[in-house]
Structures are given as structure tokens and as C-alpha cells.
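Structure first, then comments.
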Amino acid sequence: MRIAGSTTQGTCAKAYGAFARDATASGIAYHEAGTGEPLVLIHGVGMRLEAWGPQIACLSASHRVIAVDMPGHGGSRKLPVGSPLEAFVAWFGRFLDEMGLDAVNVAGHSMGALVSGGAAATFGDRIKRVAYLNGVYRRDPEAKAAVLARAAAISQSGVDKEGPLVRWFGDDPDSAIARELTRKWLNLVDPEGYAIAYSAFAGGDATFADRWKDVAGPALFLTGSDDPNSTPLMAVQMAALAPQGSVRIVEGHRHMVNLTAPDIVNSLLAEWLSFGEDVR
Numbered sequence: 001m002r003i004a005g006s007t008t009q010g011t012c013a014k015a016y017g018a019f020a021r022d023a024t025a026s027g028i029a030y031h032e033a034g035t036g037e038p039l040v041l042i043h044g045v046g047m048r049l050e051a052w053g054p055q056i057a058c059l060s061a062s063h064r065v066i067a068v069d070m071p072g073h074g075g076s077r078k079l080p081v082g083s084p085l086e087a088f089v090a091w092f093g094r095f096l097d098e099m100g101l102d103a104v105n106v107a108g109h110s111m112g113a114l115v116s117g118g119a120a121a122t123f124g125d126r127i128k129r130v131a132y133l134n135g136v137y138r139r140d141p142e143a144k145a146a147v148l149a150r151a152a153a154i155s156q157s158g159v160d161k162e163g164p165l166v167r168w169f170g171d172d173p174d175s176a177i178a179r180e181l182t183r184k185w186l187n188l189v190d191p192e193g194y195a196i197a198y199s200a201f202a203g204g205d206a207t208f209a210d211r212w213k214d215v216a217g218p219a220l221f222l223t224g225s226d227d228p229n230s231t232p233l234m235a236v237q238m239a240a241l242a243p244q245g246s247v248r249i250v251e252g253h254r255h256m257v258n259l260t261a262p263d264i265v266n267s268l269l270a271e272w273l274s275f276g277e278d279v280r
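Every letter in the sequence shown is one number past the one before it in the UniProt record's numbering, and letter 142, counting from 1, is 142.
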């Protein structure tokens, strides 16, 4: 289903700024807000939990929202150099254990989507629902070569702080705030933590690609119509494989759709959170 984009933003969309953090015993940083059924949010490479600001503000009215810093990002400790996607999924399982979370909804964006999909495939009923925002699926050879080249270049040139802005945003004025926030977060990221995560991201597009058939709960695949890397076709392909898969494409938006179209994304996530409540 395609959803028309919007140039207006509600109160929740303005929830930008720094969030206070707590940490688990193993050094995983997180922010928690609200009460109710747990919803865990995992951001993408180079970002930090603040990238979920509009979702934290809105969805915490009905859920216990827990936004987590990925390893080597924000306040979370790094994983070892060379850690593959499976290690990030295991890290997320440890986070659930340390938080005492037995059954959660999880939404991931970009690299966080890969982690959330891996968690849904690995942890069974512990993941009630999964939302896969702007996530990749079996890149074509050209896209695969490009992302692997970017991963290899990090050791020589460091964090690319401008290339992602070109890929993730259009030139429209409505994306200006999100673009500048993203630039700020890229400038704050730990270079080694970024390199470790980006390498796992580059090599992880097929790691759990065959496992969507095993994800029994509601699975939402959401991306922007103009996202050149996490494409609408990828979302459609994954949704067709998941028993309760659904696809939502936000027209006129690119990779950071949860920031450039926050009201739409909040509404779609609320719809997903209410879907299939009688399945389990």
C-alpha cells in the first residue's frame, strides 16, 4: 500500500533533542518512556537513539517505548572488530535478557531493521511483532558492490559524513531539519564503532533473507518511495514471504522516512501495533 506524503507535522514530530540514558550491566545504553506493552526501537548505522525522537514522543502515550543505542553508537559499548550481523542479533538478545523483556514488539531502521529481522527469525515468540523500516533485502550485484566498497573505504577515509546525506535526503526544504540532525549525529559517531556496524550492514543483506517464512507475527515492511537503497521492491518481496507481512510505501520520501514523514510513520506504526492482537 502506498501512502501519500505530507508536508505538515504534528506535535510529536517536533520531539527533537537529547535524551537521558540508562545502561544495562554489559554497557548497553537506552532511553525508556511510557508504560504498557514494550516496543523496542533500534536505529541505523551512524545514528543514535535520538533518531527515534518523534516515535518516542508519540508511541510512549500507549506503549513502554525503549530506544536503544546500537553497539559503538551513542552510549553503548562496541562489539569486537569483524562482528557480523549475527553478533548484533545476539547483542540484542542480551539486551532483552538484561532488561527482563520476555515478549516485545521491535522496530528497526536500516541496520536496525536487519537486527530486528534477525531477532524475529531467531527468538521466536519472544518477538511479537516486527517493523522493518527502510531495510535491505538481497541487494543486486551493483548495489552490493557499492556498499561493500563504502565499507572497505572506512578504514582509509573514516566516517563518510556527506555521502549518506545525499543518498538519504532530497533537496526539499521539508527535509532540512532531519538532514541537519543526521549530519550532527554522523559527526558524533565513534569511527571504530561505525566501521564495525557498517561492515556487518554491508554483508548482512542476505543473512536472514530466507527466514521471513518463519516469522509468525505481524511483520510491517515500510520504506520511502524514493529510497534508492532500501527500495519499495525489497519491501514488497519480504512482505510476500512473511505469513503476516504487510507493506507500506510513503510517497515522496527517502531513507530517513521516520524523521521526514514522522506523523505518517507514527500512524503506520500504531496501526501495526494494534494488528493481530488475537494471534498469540
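Even for Gly, the Cβ is constructed at its ideal location relative to N, Cα and C.
Remember, predicted model here, so these are calculated numbers, not experimental data.
Check: Where Glu-180 falls, given that 16 or more other Cβ within 10 Å makes a residue buried; Outcome: exposed
Check: Val-279 versus Arg-167 - alpha carbon distance; Outcome: Low confidence applies to Val-279: its pLDDT is 38, below 50, so where it sits in the model is not reliable enough to give any reading.
Check: Contacting residues, own chain, Cβ-Cβ under 6 Å from Phe-247 (five flanking each side not counted); Outcome: Note that residue 247 corresponds to Val in the displayed sequence, not to Phe. Around Val-247: Phe-221, Ala-235, Val-236, Ala-239.
Check: Cβ-based burial, Ala-119 [other Cβ within 10 Å; buried from 16]; Outcome: buried
Check: Residues of its chain near Thr-260, where Cβ-Cβ distance is below 6 Å and the 5 sequence neighbours each way are ignored; Outcome: Ser-175, Ala-178, His-253
Check: Supposed close pair residue 284, Gly-34 - CB separation, criterion 8 Å; Outcome: With the chain covering only 1 through 280, there is no way to say anything about residue 284.
Check: Buried or exposed (CB count within 10 angstroms, at least 16 for buried), Val-81; Outcome: exposed
Check: Val-215 and Val-130 closer than 8 Å at C-beta; Outcome: yes
Check: Limits of the unbroken beta strand (DSSP E) element including Arg-129; Outcome: 127 to 133
Check: Exposed unless 16 or more other CB atoms sit within 10 angstroms - verdict on Leu-233; Outcome: exposed
Check: The ligand ADP heavy atom lying under 7 Å from the CB of Arg-167; Outcome: In terms of ligand content, the structure shown is empty, and the ligand ADP therefore cannot be addressed.
Check: Alpha-carbon to alpha-carbon, Asn-105 and Ile-127; Outcome: 6 Å
Check: Sufficient close CB pairs (3 or more, under 8 Å) joining the region 72 to 79 to the region 97 to 104; Outcome: no
Check: Residue ranges of each beta strand (DSSP E) within the region 233 to 270, 3 or longer; Outcome: 245 to 250
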